[in-house]
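One structure is given here, and the rest of the page talks about it.
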Amino acid sequence: MPTKITSWSEYQVRERPPPPPERVSSHRWFTEDMDHIYREVRDELPLYVQRTAEEKMRNHSLAGMRASHEVMGLLLGGRFTWQGREYALVRDVATTELEASEYHVRFHEDGMEGLFESLDDLDFVYSIVGWYHSHPGIGCFMSDTDVRTQEGSFNSPHHSALVLDPVRREMEAYHMVEGNVVLRALGIYWDLHQDPYRG
Amino acid sequence: MEIEVTIRNAENGSVLNMELDPNTTIEDVIEGAAEFWHKEAGAYVLRRGKKLLKGQSTVADAGLKNEDVLELIPDPEGG
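If you read the sequences in order, they're chains C and X.
The first sequence stops at residue 185 when you use our numbering, and every number in between is there.
The second sequence stops at residue 81 when you use our numbering, and every number in between is there.
See below:
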C-alpha cells in the first residue's frame, strides 16, 4: 500500500571547529597508504575519530579475532562545517549481538533492541556517520558485500567505512566517490582533559 | 483511519512526516522513506523506541499511533 509524505525538513549542519592539530594524531595500525594520506591532509581531515571510540573498535576487533569471527558496529557522531569545509566526528560506536563468521558479519535480529538501547543511552544527539567491521587476518579492503553496504546505506559524502585487521594490526577507512570506494584520511583526536593518545 | 508519523533518518538527522493507512506494512513504510532519501530499502530497519518494527506487520499490527516518532536505522552487512 503506498505511503504519502506530507512534509520534510533537512538537517542543518552546524558550524564547529574541528579538533585542534595538537590533539589529533595518526594511528599505529594505519597502513602505509593510510598514513600517507593522513600526512597529506592532516590540517584539513574529513574524518576525526574520538580516542575512546577507536579503542572500543580496536578492542572489539581483537575480541572477535580470539573467537575467529568478524565484528561490526556503527560509527556515531555528527557532521559539521568549519571555514567552508565539511567534516565528520565519530564520538562513539555502538554494536550488539552479531551473526558472524570468519568472513561475514551482520547484526543479529535478537540484538536489535540492545543496539537501540545503546543509541538511546548516548549523551549527545547522534547521526550514524558510517560503520566499522573487521577482516581478521585477510587485510583491509572493501569486499563486494562491503561495497554493496556502502552503496546502499552509506553513500553520502560524510559517510565512512572503517576496516580493521586485528591479526595484521591494520586499519583503513573508505568512502564513496562517484560510485567508487576510495581511501579516506582520518585522524584520532582526544578531548582537552584526556591523556594524549598513545595507541 | 489514517495516521501521521514522523520518521527520522538516523544517518543525517533529517525528518519527514508520512501519512499511513492502518493496512500499510512496515516494509512499505521503510520503502517510502528509503526512496525519499535515495537509499536501498533492504538495508534498513525501522524502530519505535527500543522496539524493532517487523517488516511484514502492518501499521495496525505494530500499534503505531498518530504522531509516533520512528527512526530509520541502517542494517549493514560486512564480508
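Glycine included, C-beta positions come from ideal geometry on N, C-alpha and C.
Just so you know, these numbers come straight off a predicted model, no measurement behind them.
Handout entry: Partners in chain X for Arg92 of chain C, counting only beta-carbon separations shorter than 8 angstroms
Key = Proximity of chain X to Arg92 of chain C at the Cβ level (cut-off 8 angstroms) is accounted for by Asp77, Pro78, Glu79 and Gly80, in chain order.
Practice task
Please state whether DSSP places Asn25 of chain X in a helix, a strand or coil.
Solution key: coil
Exercise for the section: With 9 angstroms as the limit, tell me which residues of the region 127 to 141 of chain C have their beta carbon closer than that to any beta carbon of chain X; keep them in chain order. Expected result: Ser129, Asp130, Thr131, Asp132, Arg134, Thr135, Gln136, Glu137, Gly138, Ser139, Phe140 and Asn141
Exercise for the section: Taking only runs that begin and end inside the region 44 to 115 of chain C, name each unbroken alpha helix (DSSP H) of 4 or more residues, in chain order. Expected result: 98 to 106
Problem - Distance, Ile28 of chain X Cα to Thr60 of chain X Cα - result: 6 angstroms
Practice task
Return no unless some Cβ of chain X is closer than 7 angstroms to the Cβ of Trp15 of chain C.
Solution key: By this cut-off, Trp15 of chain C is not an interface position.
Handout entry: At least three beta-carbon pairs within less than 8 angstroms, the region 63 to 72 of chain X to the region 153 to 166 of chain C
Key = Verdict: no, contact absent.
Exercise for the section: Give the residues of chain X in contact with Ile114 of chain C, contact being defined as C-beta atoms less than 8 angstroms apart. Expected result: Counting only Cβ-Cβ distances below 8 angstroms, Ile114 of chain C has contacts in chain X at Ala12, Glu13, Ile75 and Pro76, in chain order.
Exercise for the section: Check the C-beta distance from Gly44 of chain X over to Asp132 of chain C and give it rounded, since I have them as a contact under 8 angstroms. Expected result: Not a contact, Cβ separation roughly 16 angstroms.
Problem - Cβ contact check for the region 42 to 62 of chain C and the region 14 to 33 of chain X: 3 or more pairs under 8 angstroms - result: no
Handout entry: Those residues which DSSP pairs with Tyr160 of chain C across a bridge
Key = C:Ala147 and C:Leu169
Exercise for the section: Answer with yes or no whether the minimum CB distance from Met3 of chain X to chain C is below 7 angstroms. Expected result: Taking CB atoms only, Met3 of chain X has no neighbour in chain C less than 7 angstroms away.
Handout entry: Cβ-based contacts, 8 angstroms cut-off: residues of the region -9 to 5 of chain C near chain X
Key = Ile(-9), Thr(-8), Ser(-7), Trp(-6), Ser(-5), Glu(-4) and Tyr(-3)
Handout entry: Residue closest to Asp96 of chain C, alpha-carbon to alpha-carbon, out of C:Thr82, C:Tyr89 and C:Phe127
Key = C:Thr82
Handout entry: chain C within 7 angstroms of Asp30 of chain X, Cβ atoms only
Key = yes
Handout entry: Beta-ladder partner(s) of Asn11 of chain X, from DSSP
Key = X:Leu74
Handout entry: Distance between Leu108 of chain C and Pro152 of chain C (C-alpha atoms, nearest Å)
Key = 27 angstroms
Exercise for the section: Determine whether the Cβ of Trp176 of chain C lies closer than 7 angstroms to any Cβ atom of chain X. Expected result: no
Practice task
State the beta-bridge partners of Arg49 of chain X as determined by DSSP.
Solution key: X:Leu54 and X:Glu73
Practice task
Name, please, each residue of chain C whose Cβ falls closer than 8 angstroms to the Cβ of Ala64 of chain X.
Solution key: What Ala64 of chain X touches in chain C: nothing, since even the nearest Cβ is about 14 angstroms away.
Handout entry: Cα-Cα separation between Val115 of chain C and Ala171 of chain C, rounded to whole angstroms
Key = 15 angstroms
Practice task
Step through the CB atoms of chain X and report whether any lies within less than 7 angstroms of the CB of Glu99 of chain C.
Solution key: Closer than 7 angstroms to some Cβ of chain X, the Cβ of Glu99 of chain C qualifies, so yes.
Exercise for the section: Determine the contact status of Glu42 of chain X and Gly138 of chain C, defining contact as a CB-CB distance below 7 angstroms. Expected result: yes
Practice task
Report yes if the C-beta distance between Ala80 of chain C and Ser104 of chain C is below 7 angstroms; otherwise report no.
Solution key: Going by C-beta atoms, Ala80 of chain C is nearer than 7 angstroms to Ser104 of chain C.
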